[in-house]
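S.K.: Numbering of the sequence shown is given in the UniProt record's numbering, commencing with residue 1 and proceeding in unit increments.
Where is the CB? At the ideal position from N, CA and C, for every residue including glycine.
Below are the structure tokens for one structure; questions will follow.
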Amino acid sequence: MRRALVALLVVLAGCSAFAPGTDRPTVTPAPVPTDSPLPPGVEPSGVTDASALAAAHGAALGNSSYTLVTNRTVRTANGSLRSALTVRLALSSGPTRDYHARVSVDGPAAPLVIGEPPTRAEYWANDEVYLRRQTVDDRTVFSRYDDTDAYVGTWSFWLGTVALDLGPETDLRSTLGGFETRVADRSPAGERVHLVGTAARSDEFVDDPAEVESVENATLHAFVAGSGFVRSYHVVYDATLDDGERVRVRRSVRFERVGTTTVDRPPWHDEAMSEG
Numbered sequence: 001m002r003r004a005l006v007a008l009l010v011v012l013a014g015c016s017a018f019a020p021g022t023d024r025p026t027v028t029p030a031p032v033p034t035d036s037p038l039p040p041g042v043e044p045s046g047v048t049d050a051s052a053l054a055a056a057h058g059a060a061l062g063n064s065s066y067t068l069v070t071n072r073t074v075r076t077a078n079g080s081l082r083s084a085l086t087v088r089l090a091l092s093s094g095p096t097r098d099y100h101a102r103v104s105v106d107g108p109a110a111p112l113v114i115g116e117p118p119t120r121a122e123y124w125a126n127d128e129v130y131l132r133r134q135t136v137d138d139r140t141v142f143s144r145y146d147d148t149d150a151y152v153g154t155w156s157f158w159l160g161t162v163a164l165d166l167g168p169e170t171d172l173r174s175t176l177g178g179f180e181t182r183v184a185d186r187s188p189a190g191e192r193v194h195l196v197g198t199a200a201r202s203d204e205f206v207d208d209p210a211e212v213e214s215v216e217n218a219t220l221h222a223f224v225a226g227s228g229f230v231r232s233y234h235v236v237y238d239a240t241l242d243d244g245e246r247v248r249v250r251r252s253v254r255f256e257r258v259g260t261t262t263v264d265r266p267p268w269h270d271e272a273m274s275e276g
């Protein structure tokens with residue numbers, strides 16, 4: 001852990017000499033600052049309370065607007081792509097959110113959440129309409145749904161079912177809970193803490209534990225603000241699947257533009273409204 005370098009500077013204003021018989025002013029030394037506090041649930045040794053840190057992260061997001069970017073890529077032992085899922089989800093401020101999701105899947109074992117891979121799609125919704133634009137084999141199709149309360153048309157579906165495990169707080173807690181961590185680095189003011197995990201203590205961070213026989217070489221990197229907001233985290237591990245196949249899994253989660261994300265109508269809005 002890089003410790004903050006503490007320096008004490010005392011500056012005396014005024015003349016460099018004093019008139020005879022006058023008393024020198026008493027100079028009270030400024031207090032020496034101590035290390036800035038760590039985020040909730042974090043000690044110098046690492047994460048001691050994953051639930052506290054995850055709760056602080058969830059509270060930092062709250063009902064703010066933000067953009068979430070996630071990727072999960074699985075490659076076989078020879079480096080060929082087995083599956084890839086990428087989600088970019090822009091959310092307006094809550095509690096009722098408009099959203100714009102961009103989703104792509106690739107690889108023979110990719111999830112079928114938007115259809116047979118490879119394919120990519122965009123989804124946009126407000127409280128009145130739910131629109132889809134999907135590209136399959138270089139052909140673009142549009143869909144329009146007026147029932148925005150259907151679960152697959154809601155922002156919570158894309159956030160808590162496709163991109164993350166139930167949501168930001170739960171996903172972070174389960175990811176951190178699977179590792180023994182340490183503070184690898186911290187900025188002098190404490191606004192940025194780098195957490196590293198290199199020893200797995202459970203399979204909580206594994207997306208599909210039922211399909212995994214064993215996990216090796218797991219690492220975690222997380223970048224945390226002093227408030228407990230986790231800007232990004234990523235996990236890499238080697239796994240043996242239940243059929244004996246060896247794979248490498250990489251998963252990343254990143255939060256952007258918190259409080260400044262806007263969800264405008266996409267350029268294809270009018271076409272989807274007329275053709276869908």
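Going by DSSP in three states, R97 sits in which element: helix, strand or coil?
M.R.: Three-state result, R97: coil.
S.K.: Does T161 come out as helix, strand or coil in the three-state DSSP assignment?
M.R.: Reduced to three states, the DSSP call for T161 is helix.
S.K.: Closer than 7 Å, CB to CB, is S65 near chain D or not?
M.R.: Going by chain labels, chain D is absent from the structure shown, which holds only one protein chain.
S.K.: Counting beta carbon pairs with one atom in the stretch 246-253 and one in the stretch 97-108, are three or more of them shorter than 8 Å?
M.R.: The stretch 97-108, when compared against the stretch 246-253, does not touch it at the 8 Å Cβ threshold.
S.K.: Give the C-beta separation of G228 and P44 to the nearest angstrom, bearing in mind that I take them to be a contact with Cβ-Cβ under 8 Å.
M.R.: 16 Å between Cβ atoms; not a contact.
S.K.: Report the three-state DSSP secondary structure of V212 (helix, strand or coil).
M.R.: Correct three-state label for V212: strand.
S.K.: Any idea if G62 is buried or exposed, counting beta-carbon neighbours within 10 angstroms, 16 or more meaning buried?
M.R.: Answer is exposed; the Cβ neighbour count stays below 16.
S.K.: Am I right that M273 and R144 are in contact with their C-beta atoms under 8 Å? What's the rounded C-beta distance?
M.R.: Confirmed, about 6 Å.
S.K.: Indicate the three-state DSSP secondary structure (helix, strand or coil) for T140 in the structure shown.
M.R.: Strand, per DSSP.
S.K.: N126 and D147: beta carbons closer than 7 Å?
M.R.: Against a cut-off of 7 Å, the Cβ pair of D147 and N126 comes out as no contact.
S.K.: So what does DSSP say about A56, is it helix, strand or coil?
M.R.: Reduced to three states, the DSSP call for A56 is helix.
S.K.: Does the Cβ of A222 have 16 or more other Cβ atoms within 10 Å, making it buried, or fewer, making it exposed?
M.R.: So A222 counts as buried.
S.K.: Hey, which unbroken runs of the beta strand (DSSP E) at 3 residues or more fall wholly within the stretch 178-255?
M.R.: You should have 179-186, 193-200, 212-224, 230-241.
S.K.: If you drop the 5 nearest sequence neighbours on each side, which residues of the same chain put their C-beta closer than 7 Å to that of G94?
M.R.: The answer, listed in chain order, is N63.
S.K.: Taking the Cβ atom as the reference point for each residue, do R231 and T67 lie within a distance shorter than 7 Å?
M.R.: No. Outside cutoff.
S.K.: So, using beta-carbon positions, are A86 and N71 closer together than 7 Å?
M.R.: Correcting the residue type first, residue 86 is Thr in the shown sequence and not Ala. Taking 7 Å as the Cβ cut-off, T86 and N71 qualify as a contacting pair.
S.K.: Taking H194 as the reference, which of T161, A50, Y233, G58 has the closest Cα?
M.R.: Minimum Cα distance to H194 is reached at Y233.
S.K.: What is the residue span of the beta strand (DSSP E) that S83 lies within?
M.R.: From DSSP, the beta strand (DSSP E) with S83 extends over 81-91.
S.K.: According to DSSP, is V152 helix, strand or coil?
M.R.: It is helical.
S.K.: Going by beta carbon distance, what residues of the same chain come within less than 8 Å of Y237, once the five residues before and after it are set aside?
M.R.: Answer for Y237: A200, F205, V206, V215, E216, N217, A218, T219, R248, V249, listed in chain order.
S.K.: How is P267 classed by DSSP in three states: helix, strand or coil?
M.R.: In this structure, P267 counts as coil in the three-state DSSP scheme.
S.K.: Using 7 Å as the threshold, is the C-beta distance between V196 and R186 below it?
M.R.: Not in contact: V196 and R186 (Cβ atoms no closer than 7 Å).
S.K.: Leaving out five residues on either side along the sequence, give the residues of the same chain with a beta carbon under 6 Å from the beta carbon of L176.
M.R.: Same-chain partners within the cutoff: V47, A50.
S.K.: So the candidates are R139, D203, G58; which of them puts its Cα closest to the Cα of V235?
M.R.: The shortest Cα separation from V235 among R139, D203, G58 belongs to D203.
S.K.: Using C-beta distances below 6 Å, list every residue in its chain close to F157, excluding the 5 sequence neighbours before and after it, in chain order.
M.R.: The answer, listed in chain order, is Y151.
S.K.: Specify, as a first and last residue, the run of the beta strand (DSSP E) that R257 falls within.
M.R.: Here R257 belongs to no beta strand (DSSP E), and DSSP marks it neither H nor E.
S.K.: Which partner residues does D106 have in the DSSP bridge list?
M.R.: Answer is A84.
S.K.: What's the C-alpha gap between P266 and G190?
M.R.: Going from the Cα of P266 to the Cα of G190 covers about 39 Å.
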